[in-house]
Amino acid sequence: MEPAEKIIQHAGGVIGVSWLMIALPLLGAAILLLGGRRTDRWGHLLGVAMSLASFVVAVLAFVELIGLPEAQRRRGVELFQFIPGMVDMGVLIDPLSISFALLITGVGSLIHIYSIGYMSHDPARRRFFAYLNLFVAAMLLLVLADNYVGLYVGWEGVGLASYLLIGFWQQKPSAATAAQKAFIVNRVGDFGLAIGIFVIWTTFGSVAYGPVFGAAGGADQGVLTVIGLLLLLGACGKSAQVPLQSWLLDAMEGPTPVSALIHAATMVTAGVYLVVRSGAIFELAPTAQLVVTIVGVVTLLAGAIIGTAKDDIKKGLAGSTMSQIGYMMLAAGLGPAGYAFAIAHLITHGFFKANLFLGAGSIMHAMNDEVDMRKYGGLRKFLPVTFATFFIGYLAIIGFPLLSGYFTKDGIIETAMHHSAILGWLAVVGAGITGFYMSRMVFMTFFGEKRWADDAHPHESPAVMTWPLIILSVGSIFLGGYLILGNTFMQFLAPAVGRPAELPVFHFFSVPGLATLALVAVGAAFAWMKYGRAQVPVVAPRGSFLTTFARRDLYGDAINESLFMRPGQWATRFAVFFDNRGIDGLVNGLAAMIGGTSGRLRRIQTGFARSYALSILFGAAVVAGALLLVGNL
Amino acid sequence: MTTHYLVLSALLFAIGAVGVLVRRNAIVVFMCVELMLNACNLAFVTFARQHGNLDGQIIAFFVMVVAAAEVVVGLAIIVTIFRTRRSASVDDANLLKY
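Residue numbers (the numbering used here), protein chains in the order written: chain A, 1 to 633; chain B, 1001 to 1098.
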């Protein structure tokens, strides 16, 4: 394989001011949060403007970057000393970071625009846009920073934005709880990432990408494996990978644009970014790479299985997101051959999943915020634009030939197959399940007869919401083919992540590809039999043991509860008991003893002066006797 | 010679002490305290003579000064108590207790 290029210091041009990408949305968030109610009237417009401005800077930086010779496409821009002598903050513009920046600001801006319509009736719309801008700034810091500490700051920033936005409707106890759950589960992952960065610092004496990756070859393999596994723990938390997957499904309590932007298109893919960015470390630690692929495969199956049983349209999509990020994680664990597919799938997924989520939001908007698909049905005629765009997103995610998902997911499956047959076939099975649950979702929502609540009057959403859907669905159709055919994206990314010894060739008719298509078709047909042709009961049937298993998120919460929560509660209860009985008992007992003794002793104070005089005389006699005795010795 | 003085001093002190312990009338108790103080004075003066220096004499003067001051305060208290309670018995003045 061919390694990544060196980072070249850059001055001037758009790349020289690329920090504006981070600063503009941050400024927007600051104005909206500090300005308070005064900014209510135009706050959403400012939020959209800042996001769009950031997008413009990203596009200009991208144009400038591709104008440079390929070997010079990693540009570092120094900004300031963050921690003197330890961390020099800077921006790294290379093909990998600029791809993310374009996705974040591009899809982010579309979702900002969509939110104008979606949140139009919400009294706290300005605060919503402030948080969205805060998120965009933090996410851009995460991907653009040229060192791990900067990445960590962005990493925590997106975690904060995610927490604030999941709990945006804080008057709902379920939303508040979900926000806390997301925050706490992420803490476990962030702990791993923090320790990983500490180990990087003690091993390499630096946290900047250039020196660390340059010195990775000389480091001990055991240490590299430890670093890799710790970074993976961080990635698992942020990207909702098994075993830290449980927060993502609850995160759907947030407003739908948040689910689309943060919990589908961008933030949850930060883990994939971390693994790909740290490729130089993972490639030297095969054990860590193996664990990455295993986590990926387990999650892609777990997410898909969860997706099959959910009646809540957003939770179904959340399971699907987990599953698709599992694919990316799998590819990211396969080395340079997989990086391009991981990032390409990440970008196409960003488009079609944002499309699907915003579509779901449009449906909810039409159905009085109903999320239960059993109460949808036959919406095809009432929401034509939403239906058309959702259907395109659906075709893209199941990998319908020639749409985006077909190219990127097939690339991952082929690469995995090349690496290990087991991983490859499990990924094929995952694709088949995807075909089933996505078809189920489409049939339950748009086909069949009406199962609406009595007061539902579905209507198409306003243009400000449908246009982002249309743009995203265009991306969902063409982006995959553009990126994958002719290895365009792999060539583009090569300066940042290296390239494999031989470039893959895309086969339209390969065994795994055909097997995937066949399984997807079987899944879709099965979904048609159960949910398209047959009548869908409005109340969910009890279902078999397997259905319950999937409905309860593969007992993920139950496992967490019995493994961590209950023992934790026991530990705290024991601590409380020990504190109350042991420590408090000792202290209180001592005090009671002294009090009791004093109570008895004070009876001596009779108030009769003559008895005091007697005791004084007696005492004086004793002292005099003692003196005489000692004097005689 | 010295012994006689000291025996007299001890006798006076013992009489004073017993008086303080057994008598109830505050005036009498007070006088017994004076008796004890003067028994001490006698012992001091005796030793001063025996050793041929003035230390004991000086202390005796101090004791007299203190005793005079004590009389002033003590009698005032006794008179005040008598005025309010119509009694000078030390056993009746037993309010300051547990």
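Cβ atoms here follow ideal geometry from the backbone N, Cα and C, with glycine treated the same way.
>> I'd like to know if residue 608 of chain A contacts chain B, where contact means its C-beta is closer than 8 Å to some C-beta of that chain.
In response: The residue you call residue 608 of chain A lines up with position 608 of the first sequence. True, the Cβ-Cβ gap to chain B drops below 8 Å.
> In whole angstroms, what is the alpha-carbon distance linking residue 389 of chain A and residue 521 of chain A?
Replying inline: Here residue 389 of chain A corresponds to residue number 389 of the first sequence, with the count starting at 1. Here residue 521 of chain A corresponds to residue number 521 of the first sequence, with the count starting at 1. The alpha-carbon atoms of residue 389 of chain A and residue 521 of chain A are separated by roughly 21 Å.
> Between residue 426 of chain A and residue 357 of chain A, what straight-line distance do the alpha-carbon atoms span, to the nearest angstrom?
Replying inline: For the purposes of this step, residue 426 of chain A is taken as residue 426 along the first sequence, with counting starting at 1. For the purposes of this step, residue 357 of chain A is taken as residue 357 along the first sequence, with counting starting at 1. If you take the alpha carbons of residue 426 of chain A and residue 357 of chain A, they lie about 26 Å apart.
> Helix, strand or coil: how does DSSP classify residue 347 of chain A here?
Replying inline: Here residue 347 of chain A refers to the residue found at position 347 of the first sequence. In the structure shown, residue 347 of chain A sits in a helix (DSSP, three-state: H, G or I).
> Is the CB of residue 1012 of chain B under 8 Å away from at least one CB in chain A?
Replying inline: Locating residue 1012 of chain B in the second sequence gives position 12, counting from the first residue. No, residue 1012 of chain B lies away from the interface with chain A (no Cβ there is under 8 Å from its Cβ).
>> Tell me the residue span of the alpha helix (DSSP H) that contains residue 139 of chain A.
In response: For the purposes of this step, residue 139 of chain A is taken as residue 139 along the first sequence, with counting starting at 1. Unbroken alpha helix (DSSP H) run through residue 139 of chain A: 125 to 144.
>> Helix, strand or coil for residue 378 of chain A? Go by DSSP, reduced to three states.
In response: One-based indexing of the first sequence puts residue 378 of chain A at position 378. Coil, per DSSP.
>> Rounded to the nearest angstrom, what separates residue 101 of chain A and residue 58 of chain A at their Cα positions?
In response: For the purposes of this step, residue 101 of chain A is taken as residue 101 along the first sequence, with counting starting at 1. For the purposes of this step, residue 58 of chain A is taken as residue 58 along the first sequence, with counting starting at 1. Rounded to the nearest angstrom, the two C-alpha atoms are 6 Å apart.
> Under three-state DSSP, which class holds residue 605 of chain A?
Replying inline: On the first sequence, position 605 is the one that residue 605 of chain A refers to. In the structure shown, residue 605 of chain A sits in coil (DSSP, three-state: anything other than H, G, I, E or B).
>> Along the chain, where does the alpha helix (DSSP H) containing residue 329 of chain A start, and where does it finish?
In response: Taking the first sequence and counting its residues from 1, the one referred to as residue 329 of chain A is at position 329. From DSSP, the alpha helix (DSSP H) with residue 329 of chain A extends over 313 to 332.
>> Please classify residue 127 of chain A as buried or exposed, where buried requires at least 16 other C-beta atoms within 10 Å of its C-beta.
In response: As a position in the first sequence, residue 127 of chain A is number 127, starting the count at 1. Under this definition residue 127 of chain A is a buried residue.
> Is any beta-carbon of chain A found at less than 8 Å from that of residue 1098 of chain B?
Replying inline: Position 98 of the second sequence, counted from the first residue, corresponds to residue 1098 of chain B. Answer yes: the Cβ-Cβ gap between residue 1098 of chain B and chain A drops below 8 Å somewhere.
> Which chain A residues sit within Cβ distance under 8 Å of residue 1021 of chain B?
Replying inline: As a first step, residue 1021 of chain B is located in the second sequence; it is residue number 21 there, counting from the start. Those are 610, 613, 614, 617, listed as they occur along chain A.
>> Which of the three DSSP states is assigned to residue 364 of chain A in this structure?
In response: To locate residue 364 of chain A, count along the first sequence from 1; it is residue 364. The answer is helix: DSSP assigns residue 364 of chain A an H, G or I state.
>> Using only the alpha-carbon positions, how far apart do residue 54 of chain A and residue 134 of chain A sit?
In response: Numbered from its first residue, the first sequence carries residue 54 of chain A at position 54. Numbered from its first residue, the first sequence carries residue 134 of chain A at position 134. Whole-angstrom Cα-Cα distance: 12 Å.
> So which residues on chain A does residue 1042 of chain B lean against when the C-beta distance must stay under 9 Å?
Replying inline: The sequence position of residue 1042 of chain B within the second sequence is 42, counting from 1. Within chain A, no residue comes near residue 1042 of chain B; the closest Cβ sits about 18 Å away, beyond 9 Å.
> Do the CB positions of residue 449 of chain A and residue 377 of chain A come within less than 8 Å of each other?
Replying inline: Along the first sequence, one-based indexing puts residue 449 of chain A at 449. Along the first sequence, one-based indexing puts residue 377 of chain A at 377. Going by C-beta atoms, residue 449 of chain A is nearer than 8 Å to residue 377 of chain A.
> Is residue 75 of chain A helix, strand or coil by DSSP?
Replying inline: The residue you call residue 75 of chain A lines up with position 75 of the first sequence. Looking at residue 75 of chain A - three-state DSSP - the assignment turns out to be strand.
> Would you say residue 1095 of chain B faces chain A, with C-beta separation under 8 Å as the test?
Replying inline: For this step, residue 1095 of chain B is matched to residue 95 along the second sequence. Yes, residue 1095 of chain B counts as interfacial toward chain A.
> Who pairs with residue 1089 of chain B in a beta bridge, going by DSSP?
Replying inline: Position 89 of the second sequence holds residue 1089 of chain B. In DSSP, residue 1089 of chain B forms a bridge with B:1025.
> In chain B, which residues lie less than 9 Å from residue 605 of chain A when you measure between Cβ atoms?
Replying inline: Here residue 605 of chain A refers to the residue found at position 605 of the first sequence. Residues of chain B passing the Cβ test: 1096, 1097, 1098.
> In chain A, what lies closer than 9 Å to residue 1055 of chain B by C-beta?
Replying inline: For the purposes of this step, residue 1055 of chain B is taken as residue 55 along the second sequence, with counting starting at 1. Result: empty, since nearest Cβ-Cβ is about 20 Å, beyond 9 Å.
>> Just to confirm before moving on: does the CB-CB distance between residue 43 of chain A and residue 129 of chain A stay below 8 Å?
In response: The residue given as residue 43 of chain A occupies position 43 in the first sequence. The residue given as residue 129 of chain A occupies position 129 in the first sequence. It is a contact, given that the beta carbons lie within the stated cut-off.
>> Just to confirm my understanding: we take residue 503 of chain A, look at its own chain, exclude 5 residues before and 5 after, and list those with CB closer than 6 Å. What are they?
In response: As a working note, residue 503 of chain A is residue 503 in the first sequence. Same-chain partners within the cutoff: 487.
> In chain B, which residues lie with their C-beta within 7 Å of the C-beta of residue 602 of chain A?
Replying inline: Here residue 602 of chain A refers to the residue found at position 602 of the first sequence. Going along chain B in sequence order, the residues near residue 602 of chain A (Cβ under 7 Å) are 1098.
> According to the Cβ coordinates, are residue 47 of chain A and residue 60 of chain A closer than 8 Å?
Replying inline: Against the first sequence, residue 47 of chain A aligns to sequence position 47. Against the first sequence, residue 60 of chain A aligns to sequence position 60. No; because the gap between Cβ atoms is not below 8 Å, this pair is not in contact.
> residue 430 of chain A to residue 565 of chain A, Cα distance in whole Å?
Replying inline: Taking the first residue of the first sequence as position 1, residue 430 of chain A is located at position 430. Taking the first residue of the first sequence as position 1, residue 565 of chain A is located at position 565. So the two alpha carbons sit approximately 31 Å from each other.
>> Here's the rule: buried if 16 or more other CB atoms are within 10 angstroms of the residue's CB, otherwise exposed. What is residue 74 of chain A?
In response: Taking the first residue of the first sequence as position 1, residue 74 of chain A is located at position 74. Residue 74 of chain A is buried by the Cβ-count criterion.
> Is the CB of residue 1017 of chain B under 8 Å away from at least one CB in chain A?
Replying inline: By 1-based counting over the second sequence, the position of residue 1017 of chain B is 17. Taking Cβ atoms only, chain A reaches closer than 8 Å to residue 1017 of chain B, which makes this a yes.
> Which residues of chain A have a Cβ atom closer than 7 Å to the Cβ of residue 1090 of chain B, listed in chain order?
Replying inline: Along the second sequence, read from residue 1 onward, the residue named residue 1090 of chain B stands at position 90. Ordered by position in chain A, the residues that pass the 7 Å Cβ test against residue 1090 of chain B are 609, 610.
> Looking only at C-alpha atoms, which of A:452, A:164, A:474 sits nearest to residue 395 of chain A?
Replying inline: Position 395 of the first sequence holds residue 395 of chain A. Comparing Cα-Cα distances from residue 395 of chain A to each of A:452, A:164, A:474, the minimum goes to A:474.
> Mind checking whether residue 253 of chain A and residue 111 of chain A have CB atoms under 8 Å apart?
Replying inline: Against the first sequence, residue 253 of chain A aligns to sequence position 253. Against the first sequence, residue 111 of chain A aligns to sequence position 111. Going by C-beta atoms, residue 253 of chain A is not nearer than 8 Å to residue 111 of chain A.
> Is there contact here, the region 490 to 498 of chain A with the region 353 to 373 of chain A, by at least three beta-carbon pairs under 8 Å?
Replying inline: no
> What do you get for residue 440 of chain A, buried or exposed, if any count of 16 or more other CB atoms within 10 angstroms of its CB means buried?
Replying inline: Looking up residue 440 of chain A in the first sequence gives position 440. By the neighbour-count rule (16 or more Cβ atoms within 10 Å), residue 440 of chain A is buried.
> Just checking, does the region 271 to 283 of chain A make contact with the region 211 to 226 of chain A on the three C-beta pairs under 8 Å criterion?
Replying inline: yes
>> Considering only their Cβ atoms, is the gap separating residue 29 of chain A from residue 137 of chain A smaller than 8 Å?
In response: The sequence position of residue 137 of chain A within the first sequence is 137, counting from 1. The sequence position of residue 29 of chain A within the first sequence is 29, counting from 1. For residue 137 of chain A and residue 29 of chain A, yes; Cβs fall inside 8 Å.
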